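Working notes for the structure below.
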Amino acid sequence: MRLRRSVLVVVPAVLLAASVPLAFAAVDPAVRQSRVTGVGVHNSYEKAVFPYLADALDSGASLVEIDVWVSTVGPRWRVNHDLPVGTKDWGQRNNCTSGGLRSGGGNQGLDRCFENLRLWHDQNPGHRPITVKIEFKNGFNQTYGAGPAAFDALVRAKLGDTVFTPGDLLGDHPTLDAAAKADNWPTRERMAGRFMIEVVPGTFERGNPFDKLHTDVEYGRWVRDNPRTAQAFPTVLDAQAGDPRTRFAEPSVRPWFVVFDGNATSYAGGGVDPQWYGDNNYYLVMTGAHGVAPALDATNPPAAAARERVEWLAKRHASIVSTDWARLGEVLELELPRG
Numbered sequence: 000m001r002l003r004r005s006v007l008v009v010v011p012a013v014l015l016a017a018s019v020p021l022a023f024a025a026v027d028p029a030v031r032q033s034r035v036t037g038v039g040v041h042n043s044y045e046k047a048v049f050p051y052l053a054d055a056l057d058s059g060a061s062l063v064e065i066d067v068w069v070s071t072v073g074p075r076w077r078v079n080h081d082l083p084v085g086t087k088d089w090g091q092r093n094n095c096t097s098g099g100l101r102s103g104g105g106n107q108g109l110d111r112c113f114e115n116l117r118l119w120h121d122q123n124p125g126h127r128p129i130t131v132k133i134e135f136k137n138g139f140n141q142t143y144g145a146g147p148a149a150f151d152a153l154v155r156a157k158l159g160d161t162v163f164t165p166g167d168l169l170g171d172h173p174t175l176d177a178a179a180k181a182d183n184w185p186t187r188e189r190m191a192g193r194f195m196i197e198v199v200p201g202t203f204e205r206g207n208p209f210d211k212l213h214t215d216v217e218y219g220r221w222v223r224d225n226p227r228t229a230q231a232f233p234t235v236l237d238a239q240a241g242d243p244r245t246r247f248a249e250p251s252v253r254p255w256f257v258v259f260d261g262n263a264t265s266y267a268g269g270g271v272d273p274q275w276y277g278d279n280n281y282y283l284v285m286t287g288a289h290g291v292a293p294a295l296d297a298t299n300p301p302a303a304a305a306r307e308r309v310e311w312l313a314k315r316h317a318s319i320v321s322t323d324w325a326r327l328g329e330v331l332e333l334e335l336p337r338g
């Protein structure tokens, strides 16, 4: 059941708090997070997708996405799809607000986006677990104080204990890989009211011939060296047959990647076996769900067909089925058994 905006307006806070767990009541609270499939929305920080970030959170989606540019002048963490240029709002165009969930100025930086997440969390205690996918468009910039340590400090300052961290998964295990294989993921009951952050390298960064240290490796090293305090999960981007972590030259960094993110078509008969991800309890984000044959409309397919697509990919071990179906609330709120 989705949290509907009208309910947030008219229901007293005490009653709202009691009703929020119904948002994922269809999932057995004793089931581990590794056994559940949810639905996400691509570029959910854009105004054309949702007027406000709070609308994305209210939609029922289990994943929201934020694109970040690291700047050497002015605000460090800028939220925009394309390279932010100009002095007005520092070139940012996004649905994060400065004066509450749907008030104050828009086009804010990552700090305000995190504040929106926290405020929504405070107003919706016990909400479904939500993955926050952050694409660092041009990567980190340690030289200008915008490296993994500064990012983690921002997450702690704005989101605090709402974040499910690598350390939470790690427990007493030597690596995240060992923890995932042991299915040390929490139950849904324990994941209630938590955000999980995945970070991926950006399109600009990956095409920059002068960038020799991409976000995945840089943050993977950070988690390896700071497993108890790191705030986000490094992510293997793009599907690849076999174990895609072998692309990383440093063997010591590989077991710190348990989140994978790739195009759904590759996992749906495209040469990559998704069973491996399910067997090892890895977190698998399948993007571009509409493109799986037979292709569906990218933004507004029939709801029945969209639901069938999500169900089909859930059986193929998707943890998140990522889409552009922002208007299909009855699909976004789906939470299904994985595998």
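Note that numbering that gives the first Met the number 0 has the sequence shown beginning at 0, numbered continuously upward.
Backbone N, C-alpha and C fix where the C-beta goes; we use that ideal spot for every residue, glycine too.
These numbers come from a predicted model, not from an experiment.
Start and end residues, beta strand (DSSP E) containing residue i
i, result
"R77", "W76 to V78"
"N262", "V258 to N262"
"K314", "Counting along the chain, K314 falls outside any beta strand (DSSP E), though it belongs to the alpha helix (DSSP H) covering A302 to K314."
"E64", "L62 to V69"
"N124", "One detail in the question is off: residue 124 reads as Pro in this sequence, not Asn. Counting along the chain, P124 falls outside any beta strand (DSSP E), and DSSP gives it neither H nor E."
"L56", "Run containing L56: none in the beta strand (DSSP E); it sits in the alpha helix (DSSP H), L52 to D57."
"T214", "T214 -> not in any beta strand (DSSP E); alpha helix (DSSP H) instead, spanning T214 to D224."
"T320", "For the sequence presented, residue 320 should be read as Val rather than Thr. Residues I319 to T322."
Residue environment, residue i, which counts as buried when at least 16 other CB atoms sit within 10 Å
i, result
"Q91", "buried"
"S61", "buried"
"V72", "exposed"
"R246", "exposed"
"A325", "buried"
"L21", "For L21, the pLDDT reaches just 37, beneath the cut-off of 50, and the residue's location in the model is therefore unreliable, although a value from the coordinates is still provided. Result: exposed."
"K87", "exposed"
"D57", "buried"
"S102", "exposed"
"E249", "exposed"
"T214", "buried"
"K136", "buried"
"N339", "Examination of residue 339 is not possible in this model, given that the chain is present from 0 through 338 alone."
"A238", "buried"
Run of the alpha helix (DSSP H) containing residue i, from where it starts to where it stops
i, result
"G37", "First-last for G37: V35 to V40, but that is the beta strand (DSSP E), not the alpha helix (DSSP H)."
"V154", "P147 to L158"
"P233", "No alpha helix (DSSP H) contains P233, which is instead part of the beta strand (DSSP E) from F232 to L236."
"L175", "L175 to K180"
"E329", "G328 to L331"
"G166", "P165 to L169"
Any non-hydrogen atom of the ligand COA within 7 angstroms of residue i CB
i, result
"A181", "As far as ligands go, the structure on display features none, and thus does not contain the ligand COA."
Cα-Cα separation between residue i and residue j, rounded to whole angstroms
i, j, result
"P226", "A303", "42 angstroms"
"M195", "P293", "32 angstroms"
"G144", "L153", "12 angstroms"
"R111", "L169", "29 angstroms"
"A149", "G277", "33 angstroms"
"A24", "E188", "Its pLDDT being 49, under 50, A24 is placed unreliably in this model, and the coordinates cannot settle the point."
"S371", "R223", "As shown, the chain starts at 0 and ends at 338. That puts residue 371 outside it, with no answer to give."
"V84", "Q107", "14 angstroms"
"S97", "G270", "45 angstroms"
"L331", "H126", "15 angstroms"
"W311", "G166", "32 angstroms"
"N299", "A305", "9 angstroms"
"V257", "A240", "16 angstroms"
"L109", "P74", "9 angstroms"
"N42", "C95", "12 angstroms"
"L52", "G59", "12 angstroms"
"D176", "E334", "25 angstroms"
"V48", "A179", "33 angstroms"
"P28", "I129", "15 angstroms"
"P301", "P208", "42 angstroms"
"E45", "A55", "10 angstroms"
Pick from the options that is closest to residue i, judged by C-alpha positions
i, options, result
"V67", "D57, V131 and A55", "V131"
"V309", "G99, A267 and E114", "A267"
"A229", "E197, R187, H80 and A263", "E197"
"T36", "L327, G328 and V320", "V320"
"T286", "N280, P254, P301 and D323", "D323"
"A263", "T234, S318, G59 and V26", "S318"
"Y31", "P273, V235 and N183", "The sequence shown places Arg at residue 31, not Tyr. Cα-wise, what sits closest to R31 is N183."
"E134", "P233, L333, L118 and A156", "P233"
"W221", "P336, P147 and H41", "P147"
"R117", "N93, R155 and N94", "R155"
"R315", "N280, A178 and P208", "N280"
"Q141", "A179, P254, A177 and V69", "V69"
"P341", "R244, S33 and M190", "One cannot answer for residue 341 here, as it falls past the ends of the chain, which runs 0 to 338."
"E157", "D171, A179, D121 and D296", "The amino acid at residue 157 is misidentified as Glu; the sequence shows Lys. Comparing Cα positions, the closest option is D121."
"G192", "N115, D160 and G206", "D160"
"R253", "G261, V235, D260 and Q274", "V235"
"S265", "P50, G290, V48 and E217", "G290"
Per DSSP, the bridge partner or partners of residue i
i, result
"R31", "T186"
"N106", "Answer is none; N106 lacks a bridge partner."
"Y281", "Y281 is not bridged to any residue."
"P200", "F135"
"V162", "F194"
"T286", "N262"
"P243", "Beta-bridge pairing links P243 to no other residue."
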